[in-house]
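All remarks here apply to the structure that follows.
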Amino acid sequence: MSRLTSIDSPTDSHVLRDARDLLAKLVRLRDAIVRDGDATHRQWLPAIRRPAFRSAALNLAHYLALRRHDASHLQAELSAIGLSSLGRSEAKVLASFDAVIATLARLAGASALPPYPSAERFRSGHEGISRDKTVLFGADPGGPGTRIMVTLPTEAATNPELAAELIAAGADCVRINCAHDGAEVWRAMIANVRKAAAKAGRPCPVLMDLAGPKCRLAMVWPPPRPRVFVGDRIVLQADEPLKPDGKARGATLTHPEILPRLAKGDTVWINDGKIGARVERPAVRKGDAVQLKVFSAQQKGARLSVGKGVNFPETALDLPPLTTKDLLDLDFVARHADMVGFSFVQRPADIAWLQRELIARRRTKPPLPLVIKIETRLAVRNLPELIVQAAGKQPLAVMIARGDLAVELGFDSLSEIQEHILWLCEAAHVPVIWATQVLEGLVRTGAPSRAEATDAAMAQRAECVMLNKGPFLKAGVEFLDRVLHRMDHHQRKKSARLKPLDLWTGPRPKMSKAAVR
425 MSRLTSIDSP TDSHVLRDAR DLLAKLVRLR DAIVRDGDAT HRQWLPAIRR PAFRSAALNL
485 AHYLALRRHD ASHLQAELSA IGLSSLGRSE AKVLASFDAV IATLARLAGA SALPPYPSAE
545 RFRSGHEGIS RDKTVLFGAD PGGPGTRIMV TLPTEAATNP ELAAELIAAG ADCVRINCAH
605 DGAEVWRAMI ANVRKAAAKA GRPCPVLMDL AGPKCRLAMV WPPPRPRVFV GDRIVLQADE
665 PLKPDGKARG ATLTHPEILP RLAKGDTVWI NDGKIGARVE RPAVRKGDAV QLKVFSAQQK
725 GARLSVGKGV NFPETALDLP PLTTKDLLDL DFVARHADMV GFSFVQRPAD IAWLQRELIA
785 RRRTKPPLPL VIKIETRLAV RNLPELIVQA AGKQPLAVMI ARGDLAVELG FDSLSEIQEH
845 ILWLCEAAHV PVIWATQVLE GLVRTGAPSR AEATDAAMAQ RAECVMLNKG PFLKAGVEFL
905 DRVLHRMDHH QRKKSARLKP LDLWTGPRPK MSKAAVR
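Residue numbers for the sequence shown follow the numbering used here, so the first one is 425 and each next one is one higher.
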């Protein structure tokens with residue numbers, strides 16, 4: 425028979441002493457969180473017009489206040505006496521504290537016993553995330569908890585069966601990249617998606633992703649795609665390419681106004697980090713070329729190709745977040761899309777600008793749900809304020825755009841930063857999209873790598889996973905659907921689900937006598 429001890433009158437003196445000590449520490453920490461968090465929330469209130477976000481904003485403010493403290497030492501002490509370590513409190517900060525404090529008060533024999541928080545307080549945060557997940561990405565009762573988004577290729581405009589095949593494979597919503605094609609192609613894509621979704625009997629929302637001020641290689645020299653190696657020089661020119669000196673390669677940019685802002689030693693990454701170079705000779709006068717020296721490339725070299733992205737992580741670019749093309753595209757997006765994606769957003773004022781443009785185009789229609797793409801160091805820094813500005817007016821999701829983010833922050837920082845973004849968005853009750861190169865090998869070649877399979881499993885902690893286009897996109901959707909279904913049995917956000925492990929909890933094979941010996 426097991427031995428049980430009443431928690432109302434602890435018999436172990438060290439438990440009583442530890443409980444009283446921990447209770448005092450937690451009460452002080454909670455008071456600081458409420459004081460600092462409430463002050464932050466008051467600053468945010470003018471930006472919050474959407475009632476559904478008010479409690480989420482307050483929880484986000486409390487979470488930020490909590491994470492200004494080092495509570496790691498308290499976690500070990502709480503675990504030692506069998507209590508929650510508060511390590512999964514993102515969506516319910518004060519409720520988590522109140523539950524632990526209520527138990528500690530009873531363990532400590534306190535004269536005044538605080539009540540336990542209601543079950544509704546614990547559920548409300550994740551219920552809010554689930555509600556907005558359905559609003560943005562659609563309902564899929566038979567699918568995994570994490571929705572699947574696919575980027576449509578141009579073929580989706582002329583092949584009506586493609587959308588139907590992707591939805592049947594498990595796609596829940598689709599993305600149209602406004603950097604490619606045009607209004608007629610987009611209209612045909614959307615019509616095919618709507619028809620396929622109606623036939624399937626469930627919604628398939630359409631995200632239209634504004635291109636934003638993405639800097640790309642406009643022309644390269646010598647054509648068509650020169651290969652560069654470590655130690656080579658690249659000349660970036662403002663106008664049409666001039667033949668570079670010696671072994672140098674040349675290119676122009678879609679945003680040549682960046683060139684005068686580059687200083688000696690600034691880092692330039694090309695093609696999602698495949699080529700790394702530093703400014704060796706900056707522009708002295710307007711119109712001067714900038715000379716780079718390559719310090720990072722594959723041993724076999726890497727090619728300069730027209731259309732490949734260029735990143736300047738150490739340079740203040742100050743490009744307008746909405747380009748002339750974006751504003752023209754927004755006329756179509758505001759009428760036809762279910763969500764709008766905002767690329768390279770960095771400041772709350774950027775979101776305010778887009779919100780004004782949407783209001784002008786939608787007039788009396790409900791606000792269009794927004795997806796903000798986190799792609800730069802400044803966007804990460806400003807993420808709490810970006811969330812408040814956006815979610816305070818309309819349903820919001822945050823996309824972890826890991827391609828540009830890895831280049832901007834460094835590949836060694838990406839894993840840490842994407843965890844931070846997941847935690848912060850959970851605290852704000854905002855859905856997250858896990859994006860960039862998910863199952864890229866499978867989608868492009870038909871064969872996944874082991875690392876891709878692990879990445880797909882990790883993506884289950886987000887509310888949506890995005891696949892890019894490729895010839896094996898349908899196979900990628902089917903594979904991802906299976907992985908997400910499996911992971912739903914074992915994980916919810918950061919919490920492991922203790923379901924039976926069928927691999928080891930079923931009937932065990934008998935060991936042979938030789939094995940025993």
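Where is the CB? At the ideal position from N, CA and C, for every residue including glycine.
Do residue j and residue i come within 9 Å of each other at the CB atom, strictly closer than that value?
| i | j | result |
| --- | --- | --- |
| His-497 | Leu-482 | no |
| Pro-637 | Thr-747 | yes |
| Ala-624 | Ala-580 | no |
| Phe-896 | Arg-916 | no |
| Val-692 | Val-703 | yes |
| Gly-655 | Lys-724 | no |
| Ala-612 | Thr-575 | no |
| Val-769 | Ile-572 | no |
| Cys-628 | Val-598 | yes |
| Leu-899 | Gly-870 | First, the amino acid is wrong: residue 899 is Ala here, not Leu. Yes, the pair counts as a contact, with Cβ atoms nearer than the cut-off. |
| Leu-810 | Arg-826 | no |
| Ile-824 | Ile-783 | no |
| Glu-876 | Leu-866 | yes |
| Ala-662 | Pro-680 | yes |
| Thr-578 | Asp-605 | yes |
| Cys-639 | Val-757 | no |
| Arg-921 | His-913 | yes |
| Val-901 | Leu-590 | yes |
| Phe-736 | Ile-775 | no |
For residue i, tell me which candidate among the options has the shortest Cα-Cα distance.
| i | options | result |
| --- | --- | --- |
| Ala-815 | Asp-836, Glu-799 and Val-856 | Val-856 |
| His-844 | Asp-556, Val-822 and Phe-477 | Val-822 |
| Gly-562 | Thr-929, Glu-887 and Leu-829 | Glu-887 |
| Arg-492 | Pro-475, Leu-453 and Val-524 | Leu-453 |
| Ala-515 | Phe-768, Ala-532, Val-854 and Pro-931 | Val-854 |
| Val-517 | Gly-689, Gly-549 and Gln-499 | Gly-549 |
| Ala-672 | Pro-646, Glu-781, Ile-682 and Ala-726 | Pro-646 |
| Gly-506 | Arg-473, Val-907, Leu-450 and Ala-443 | Ala-443 |
| Leu-447 | Leu-743, Leu-908 and Phe-521 | Phe-521 |
| Pro-470 | Pro-772, His-486, Asp-596 and Leu-450 | Pro-772 |
DSSP on residue i, reduced to helix/strand/coil?
| i | result |
| --- | --- |
| Val-652 | strand |
| Asn-583 | coil |
| Met-425 | Interpretation of Met-425 is limited by its pLDDT of 36, a score under 50 that renders its predicted location unreliable; no figure is taken from the coordinates. |
| Leu-641 | strand |
| Pro-924 | coil |
| Ser-720 | strand |
| Leu-631 | strand |
| Thr-800 | coil |
| Arg-441 | helix |
| Val-862 | coil |
| Thr-435 | Interpretation of Thr-435 is limited by its pLDDT of 49, a score under 50 that renders its predicted location unreliable; no figure is taken from the coordinates. |
| Leu-446 | helix |
| Ser-479 | helix |
| Val-659 | strand |
| Lys-934 | coil |
| Val-708 | coil |
| Val-365 | Because residue 365 is not part of the residues shown, which for the chain are 425 to 941, the question remains open. |
| Ser-430 | Reliability fails at Ser-430, whose pLDDT of 44 lies under 50, so the model's placement of it is uncertain and the value that follows must be treated cautiously. DSSP places Ser-430 in coil when its eight states are reduced to three. |
| Cys-602 | coil |
| Gln-499 | helix |
| Val-769 | coil |
| Asp-564 | coil |
| Ala-877 | helix |
Rounded C-beta distance between residue i and residue j? I'm assuming under 8 Å.
| i | j | result |
| --- | --- | --- |
| Val-652 | Ile-699 | 6 Å |
| Gly-461 | Leu-440 | Their Cβ separation, rounded to whole angstroms, is 31 Å, which puts Gly-461 and Leu-440 out of contact at 8 Å. |
| Val-812 | Ile-841 | The Cβ separation is near 20 Å, so there is no contact. |
| Ala-642 | Thr-678 | 5 Å |
| Lys-749 | Gln-779 | That pair is no contact at about 19 Å. |
| Val-734 | Ile-694 | 5 Å |
| Ala-687 | Pro-706 | 6 Å |
| Lys-619 | Pro-648 | Lys-619 to Pro-648, Cβ: 39 Å. No contact. |
| Leu-848 | Pro-808 | 7 Å |
| Met-796 | Phe-835 | For clarity, residue 796 is Ile in the given sequence; the question names Met instead. Not a contact, Cβ separation roughly 23 Å. |
| Phe-943 | Ala-519 | An answer regarding residue 943 cannot be provided, because it is not within the stretch 425 to 941 covered by the chain. |
Return the bridge partner residues of residue i from the DSSP annotation.
| i | result |
| --- | --- |
| Cys-888 | Arg-571 and Ile-857 |
| Cys-597 | Met-573 |
| Trp-693 | Gly-700 and Asn-735 |
| Leu-794 | Val-764 and Leu-820 |
| Leu-838 | DSSP output for Leu-838 lists no bridge partner at all. |
| Leu-677 | Leu-641 |
| Ser-919 | Arg-916 |
| Ala-825 | Ala-859 |
| Val-715 | Strictly speaking, residue 715 in this sequence is Gln, with Val absent from that position. DSSP, once it has assigned bridges, lists Val-659 and Arg-705 as partnering Gln-715. |
Is residue i near the ligand COA, in the sense that its beta carbon is under 8 Å from a heavy atom of that ligand?
| i | result |
| --- | --- |
| Met-573 | Questions concerning the ligand COA fall outside what the structure shown contains, since it holds no ligand whatsoever. |
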